Structures are given as C-alpha cells and as structure tokens.
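Colleague: Counting in numbering that gives the first Met the number 0, the sequence shown runs from 0 upward without gaps.
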Amino acid sequence: MEASASAPVGRHIEPEPPEWQPRALWVGGRLICGSISFFFASFVFAFFYLKALDLNHNWKIGNVVPDAGIGIAIAALYLFSAVVYRLAARRTTGDSMAAGMIAVFMGLAAVALQFIQYIVLDFGAASGGYAAVFFGWTASYAVVSLMGLYWIQVQVATLWRVRREGRMRETEVPTSETALLLAGIEASSFYWGYFVAIGVLAYILLYLVG
C-alpha cells in the first residue's frame with residue numbers, strides 16, 4: 000500500500016520557483032507588522048479614550064510622572080538597534096552579524112532598563128488611567144520585543160555558523176541558503192524597524208503628551 004502525501008509528488012511535477020521562499024519571508028515580515036499594529040492600537044485607543052473621558056479626574060491620581068531620562072534612554076537604545084540593523088540589512092553582502100549582535104544587545108539593554116524603571120517609579124498601575132496604560136503598554140512592548148530580538152538572533156546564529164564552517168548548507172527547498180539568509184535578514188530588520196517606530200510613538204504619548 001502506497002503512503003499518502005500531503006502534496007502531489009513526481010518527476011513530472013514542476014518544482015517550486017526558487018524566488019517563492021524569499022518572497023514568503025518578505026510578505027511574512029509585513030504581515031507580522033500588521034498584526035502588532037492591531038495589538039498596540041488598543042493601547043493608543045485606551046490612552047486617548049481614558050484621557051478624554053477622565054471620569055472623577057482619575058486620569059492621574061497623585062504624582063504620576065515617569066522618569067523622562069530613563070524613557071529617553073530606552074527609546075534611544077531601541078532606535079539605535081533598529082537603525083544599525085536595518086542599514087546593515089540593506090547591504091547585498093549578507094554579512095550583518097556584527098550589526099545583528101549590536102541590535103540584540105541594545106534591545107536587551109532596553110528591556111532590562113524598562114523593568115528597572117518599574118522599580119524606581121513613584122506610582123503603580125492603579126494610579127489612574129494613565130498609569131494603567133503606561134504599565135500595560137510598556138510591559139507588553141518589552142515582552143513582544145523579545146520575540147523580535149529572538150528573530151534577529153536566529154539570523155546572527157546562522158551567519159556565525161556560515162562563517163565558522165566557511166560554506167553554505169544545502170536546503171530542502173529550491174532556494175539557496177544564501178538567498179534565504181538575505182531574505183530573513185531583510186524581513187527581520189524591516190519588522191524590527193517598524194516595531195521600534197511603534198515604541199517611538201509610545202514614548203511621545205506616554206512621556207510628552209500624557
């Protein structure tokens with residue numbers, strides 16, 4: 000009895016075009032950007048809704064002022080990591096290992112600084128609508144950023160392995176590993192730049208407008 004397959008196989012079947020996998024990575028990176036847009040849009044809505052409503056003057060209860068210096072440092076670390084990695088990704092050589100490592104280290108430093116900020120804050124999540132949005136948005140942003148940093152780290156690890164072995168490995172798809180690696184770096188750098196842009200918006204609303 001012949002084993003069934005999930006897709007038709009045979010010598011007469013035309014192989015998958017080599018440009019499909021890189022294109023899938025390109026599209027996938029943009030789709031992820033769309034998904035996080037909807038996710039963080041909820042915090043933007045909550046910010047303006049609660050600020051405009053301000054029931055019983057509970058938008059800010061007490062001295063609810065986050066440290067602007069820490070906020071600037073967090074935003075600068077994220078922004079620096081995104082710019083360095085994106086500029087390196089736009090090269091055609093594919094050797095973006097150093098830039099990827101810098102992006103990961105800067106991103107992790109920003110996450111660590113974010114949670115350090117919680118320790119020194121003089122208010123909690125129950126200190127009004129602003130405080131609730133502040134803690135919810137910044138904590139969610141820090142956690143989601145780890146996913147993007149992991150994606151970048153995968154590209155860095157692949158580049159390190161290629162440099163160590165001095166060769167590319169064969170893939171199970173018609174696309175070469177070089178093309179897949181370049182596509183992965185491009186997609187992850189685009190996503191990371193978009194993600195950091197959302198962080199800049201968060202800084203403007205939470206530290207300047209709020």
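Virtual Cβ for every residue (Gly too), placed ideally from N, Cα, C.
Computed from a prediction, not measured in an experiment: that's the story for all the values here.
Apply the 10 Å Cβ neighbour rule to proline 173 and answer buried if 16 or more other Cβ atoms are within range, or exposed otherwise.
Modeller: Position 174 of the sequence shown, counted from the start, is the residue given in the question as residue 173. Summary for proline 173: the model assigns pLDDT 48, below 50, so the residue's position carries little reliability; its value from the coordinates is reported in the next sentence. That one is exposed.
Colleague: Could you tell me if threonine 250 is buried or exposed, where buried requires 16 or more neighbouring beta carbons within 10 angstroms of its beta carbon?
Modeller: The first residue shown for the chain is 0 and the last is 209, placing residue 250 beyond what the model contains.
Colleague: Look up valine 208 in the DSSP assignment and say whether it is helix, strand or coil.
Modeller: Taking the first residue of the sequence shown as position 1, residue 208 is located at position 209. Helix at valine 208.
Colleague: Beta-carbon within less than 6 Å of valine 227's beta-carbon, same chain only, minus the 5 sequence neighbours each way: which residues are those?
Modeller: Within the shown structure, residues of the chain are numbered from 0 to 209, placing residue 227 beyond reach of any answer.
Colleague: How long is the line joining the alpha carbons of isoleucine 71 and glycine 198, rounded to whole angstroms?
Modeller: Stepping through the sequence shown from its first residue, residue 71 is reached at position 72. Stepping through the sequence shown from its first residue, residue 198 is reached at position 199. Looking at the two C-alpha atoms, the distance is approximately 11 Å.
Colleague: Quick check: what's the CA-CA separation for valine 195 versus leucine 54?
Modeller: As a position in the sequence shown, residue 195 is number 196, starting the count at 1. As a position in the sequence shown, residue 54 is number 55, starting the count at 1. Distance between the alpha carbons of valine 195 and leucine 54: 32 Å.
Colleague: So what does DSSP say about glutamate 164, is it helix, strand or coil?
Modeller: For the purposes of this step, residue 164 is taken as the residue at position 165 of the sequence shown. Helix.
Colleague: For phenylalanine 79, I'd like the list of residues in its chain whose CB is within less than 7 Å of its CB, leaving aside the five on either flank, ordered along the chain.
Modeller: Translated into positions along the sequence shown, residue 79 becomes position 80. Within the same chain, phenylalanine 79 has close Cβ partners Met105.
Colleague: Could you check what DSSP says for proline 21 in three-state terms: helix, strand or coil?
Modeller: For the purposes of this step, residue 21 is taken as residue 22 along the sequence shown, with counting starting at 1. Proline 21 falls in the helix class under three-state DSSP.
Colleague: How many Å lie between phenylalanine 46 and alanine 131 at the Cα?
Modeller: Your numbering for residue 46 matches position 47 in the sequence shown. Your numbering for residue 131 matches position 132 in the sequence shown. Phenylalanine 46 and alanine 131: Cα-Cα distance of roughly 9 Å.
Colleague: Any idea what DSSP makes of valine 132, helix, strand or coil?
Modeller: Position 133 of the sequence shown holds residue 132. Three-state result, valine 132: helix.
Colleague: Could you tell me whether the Cβ atoms of alanine 88 and glutamate 185 are closer together than 8 Å?
Modeller: The sequence position of residue 88 within the sequence shown is 89, counting from 1. The sequence position of residue 185 within the sequence shown is 186, counting from 1. Against a cut-off of 8 Å, the Cβ pair of glutamate 185 and alanine 88 comes out as a contact.
Colleague: Can you tell me which of Thr177, Arg90, Tyr206, Ala74 puts its alpha carbon nearest to the alpha carbon of glutamate 18?
Modeller: Here residue 18 refers to the residue found at position 19 of the sequence shown. Among Thr177, Arg90, Tyr206, Ala74, the Cα nearest to that of glutamate 18 belongs to Thr177.
Colleague: Between which two residues does the alpha helix (DSSP H) containing valine 83 stretch?
Modeller: Here residue 83 refers to the residue found at position 84 when the sequence shown is read from its first residue. 67 to 88 is the extent of the alpha helix (DSSP H) around valine 83.
Colleague: For the alpha helix (DSSP H) containing isoleucine 118, list its first residue and its last residue.
Modeller: For the purposes of this step, residue 118 is identified with residue 119 of the sequence shown, where counting begins at 1. Taken as a continuous stretch (DSSP letters only), the alpha helix (DSSP H) holding isoleucine 118 covers 96 to 119.
Colleague: Would you kindly work out how many angstroms separate the C-alpha atoms of phenylalanine 38 and arginine 162, rounded to a whole number?
Modeller: Position 39 of the sequence shown holds residue 38. Position 163 of the sequence shown holds residue 162. Cα-Cα distance, rounded: 38 Å.
Colleague: With a 10 Å radius around its C-beta and 16 neighbouring C-beta atoms as the bar for buried, classify tryptophan 136 as buried or exposed.
Modeller: Here residue 136 is taken as the residue at index 137 of the sequence shown, counted from 1. With 16 or more other Cβ atoms within 10 Å, it is buried.
Colleague: Helix or strand or just coil, what does DSSP make of valine 64?
Modeller: On the sequence shown, position 65 is the one that residue 64 refers to. The answer is coil: DSSP assigns valine 64 none of H, G, I, E or B.
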